[in-house]
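The block underneath contains the structure these notes are about, expressed in structure tokens.
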Amino acid sequence: MSKIEDVEEGFYTWERRENMVNLALKNVSYTYKNAPKPAVSGISYQFEEGRVYAIVGPSGSGKSTLLSLLAGLDLPTDGEVVFDGESLAGLNLDRYRRESISMIFQAFHLFPLLTVMENVCFPMELCGITPKDAKPRAQALLEGVGITKEQMNRFPSKLSGGERQRVAIARSLASSAKIILGDEPTGNLDSANTQNIIDILCSLAHEKGYCVIIVTHDLEVARAADVALRMRDGELREGIVSGEDSK
Amino acid sequence: MEIARGRGLKHGDKDVGVVELLVGMFGHSIVIMQSARDAVLLRVLGVTKKRVRCMLVLGQVFLCLTGVLIVAGGLCLYSPGLFLKSSDTLAACFVPYFIGCVLSVSIAAVQVTRHRILELLQVRE
């Protein structure tokens, strides 16, 4: 999966290297409305660029909630998420999501009525890039994740699961975001496609300096990450991942 | 409008107006409610709440107008005389239909975007 490096000549590469990732959790807690106890409880952690983090834990342990807080989908009920030295509470969250992070999901979440190419162009257009400029960049990104020119004009429903997830990764690279957040990105894929996606994400972190944070049940994904974090009962622990963590 | 032509209804018929209003409200709001997933995804991608609402409403209003124009154009091609004769009835059908569409999609667009994104994602799961 070294194709990525061919894609990100110029614009994307230097922009990421100029900007250091600085994402931290400071005593973060989150309690859902009417929930008896917090989903995330008093977590502090500092994420660094150029590394792949896997957050593993049983269902209901709060890992997806934590990822959502990092993505600025909501603010913590206690503590703060700090990006580039500023608390997310003081930032425009829409802009933060648009420009600073990108997400990939288990269910891909591509727009069904847009073609593959249009799906990848869309975040660039949100950032003010004209469709004329967006198209060649989108094409390069898609080629980088192994999508052929013919597939670029298809609708997502005509692609396999692995291909759709690669399109979702290309879309996540389309914005100027330095952080990629994956919510079970390999959850719907077979082992060959899982390995393919892991390779792409690792090469983005190690060769391009992205900070990749993945929530997963898959221990193989966790083992491939640079740092494995375990969540249990809303608390985060760094360390060796065992079979217990995926139950 | 098909109903209006078939039954030869007259201009100002309140029943037709009410039916058209309900059809406009129900049909288009259902489509918006089904677009909830796309609305969440747009919010995740950083599109503002206001812009998502505009996108949803304008999309449906465009569809509504396109549908009306196609039906009116089809009727005009099929029988220009009939089209002219029933233009009042057509207008009486179109106006409540359009109002129903705009009202309901506006409400539905607010409804699908008013919650916090995290809550919406939890619902989707």
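Chains as they are written, first to last, in the working numbering: chain A, 440 to 686; chain B, -12 to 112. Ideal Cβ positions, reconstructed from N, Cα and C, are used throughout, including at glycine. None of the values given here were measured: they were computed from a predicted structure.
Compile a chain-ordered list of the residues in the stretch 82 to 112 of chain B whose CB is closer than 7 Å to at least one CB of chain A. R103, I104, L105, L108
Within chain A, the residues that V39(B) reaches when beta carbons sit closer than 9 Å: Looking up residue 39(B) in the second sequence gives position 52. Under the 9 Å cutoff, chain A gives no residues; its nearest Cβ is about 10 Å from V39(B).
Could you work out which residues of chain B lie near S507(A), taking near to mean beta carbons separated by less than 7 Å? On the first sequence, residue 507(A) is found 68 positions in, with the first residue counted as 1. Here the neighbours are L105, L108.
Beta-bridge pairing of L527(A) - partner residues as DSSP gives them: Your numbering for residue 527(A) matches position 88 in the first sequence. According to DSSP, L527(A) bridges with nothing at all.
Exposed or buried, which one is Y65(B) when buried takes at least 16 other CB atoms within 10 Å? For the purposes of this step, residue 65(B) is taken as residue 78 along the second sequence, with counting starting at 1. Exposed.
For D513(A), decide whether its Cβ has a neighbour in chain B, counting only Cβ atoms nearer than 9 Å. In the first sequence, the residue the question calls residue 513(A) occupies position 74. It does; some Cβ of chain B falls within 9 Å.
Beta-carbon proximity check, A510(A) vs N627(A), cutoff 9 Å: Here the question's residue 510(A) lines up with position 71 in the first sequence. Here the question's residue 627(A) lines up with position 188 in the first sequence. No, the Cβ-Cβ distance between A510(A) and N627(A) is not below 9 Å.
Does any residue of chain E bring its CB to less than 9 Å from the CB of D523(A)? Note that chain E does not occur in the displayed structure, where the protein chains are A and B.
Which residue comes first and which comes last in the beta strand (DSSP E) that contains T620(A)? Start at 1 with the first residue of the first sequence, and residue 620(A) comes out as number 181. First, the residue type needs correcting, since residue 620(A) is Leu and not Thr in the sequence shown. L620(A) -> beta strand (DSSP E) spans 618 to 622.
Distance check for T76(B) and G33(B), CA to CA, integer angstroms please. Position 46 of the second sequence, counting from 1, holds the residue named residue 33(B). Position 89 of the second sequence, counting from 1, holds the residue named residue 76(B). About 45 Å.
Hey, quick one: how far does the alpha helix (DSSP H) through R490(A) stretch, first residue to last? Taking the first residue of the first sequence as 1, we reach residue 490(A) at position 51. Here R490(A) belongs to no alpha helix (DSSP H), and DSSP marks it neither H nor E.
For F550(A), return the contacting residues in chain B, with the cut-off set at a CB-CB distance below 8 Å. Along the first sequence, read from residue 1 onward, the residue named residue 550(A) stands at position 111. Here the neighbours are D25, L28.
Contacting residues, own chain, Cβ-Cβ under 6 Å from E674(A) (five flanking each side not counted): As a working note, residue 674(A) is residue 235 in the first sequence. Around E674(A): S480.
What residues match up with L464(A) in a beta bridge as DSSP calls it? Looking up residue 464(A) in the first sequence gives position 25. According to DSSP, which records beta bridges pairwise, L464(A) is partnered with Y484(A), V520(A).
S507(A) to E487(A) span [Cα, whole Å]: Start at 1 with the first residue of the first sequence, and residue 507(A) comes out as number 68. Start at 1 with the first residue of the first sequence, and residue 487(A) comes out as number 48. Answer to the nearest angstrom: the Cα atoms are 18 Å apart.
Taking C-alpha atoms, which residue in R490(A), F561(A), D523(A) lies nearest to S642(A)? Reading the first sequence from its first residue, position 203 is the one you call residue 642(A). Taking only the C-alpha atoms, the option nearest S642(A) is R490(A).
Does any CB atom of chain B fall closer than 9 Å to the CB of E538(A)? Position 99 of the first sequence, counting from 1, holds the residue named residue 538(A). Yes, contact with chain B.
Return yes when the Cβ of V92(B) is within less than 9 Å of the Cβ of L43(B), no when it is not. As a position in the second sequence, residue 43(B) is number 56, starting the count at 1. As a position in the second sequence, residue 92(B) is number 105, starting the count at 1. For L43(B) and V92(B), yes; Cβs fall inside 9 Å.
Considering only C-alpha positions, which residue in the set T587(A), Q578(A), A463(A) is nearest to G524(A)? Against the first sequence, residue 524(A) aligns to sequence position 85. Comparing Cα-Cα distances from G524(A) to each of T587(A), Q578(A), A463(A), the minimum goes to A463(A).
Any Cβ of chain B within less than 9 Å of the Cβ of K476(A)? Indexing the first sequence from 1 puts residue 476(A) at position 37. Judged by the 9 Å Cβ criterion, K476(A) is not in contact with chain B.
When Cβ atoms are compared, which residues of the stretch 550 to 565 of chain A fall closer than 7 Å to chain B? F550, P562, L565
Indicate the three-state DSSP secondary structure (helix, strand or coil) for C650(A) in the structure shown. One-based indexing of the first sequence puts residue 650(A) at position 211. Note: C650(A) maps to strand in three-state DSSP.
Under DSSP, the alpha helix (DSSP H) around F49(B) begins and ends at which residues? Along the second sequence, one-based indexing puts residue 49(B) at 62. Membership of F49(B) in the alpha helix (DSSP H) is indicated by the continuous run 36 to 65.
Strictly below 7 Å CB to CB, what residues from chain B border R534(A)? Residue numbering aside, residue 534(A) sits at position 95 when the first sequence is read from its first letter. The contacting residues are G33.
In this structure, how does DSSP classify S541(A) when only helix, strand and coil are distinguished? On the first sequence, residue 541(A) is found 102 positions in, with the first residue counted as 1. Note: S541(A) maps to strand in three-state DSSP.
Does N558(A) pass the burial test, meaning 16 or more other C-beta atoms within 10 Å, or should it be called exposed? Taking the first sequence and counting its residues from 1, one reaches residue 558(A) at position 119. Result: buried.
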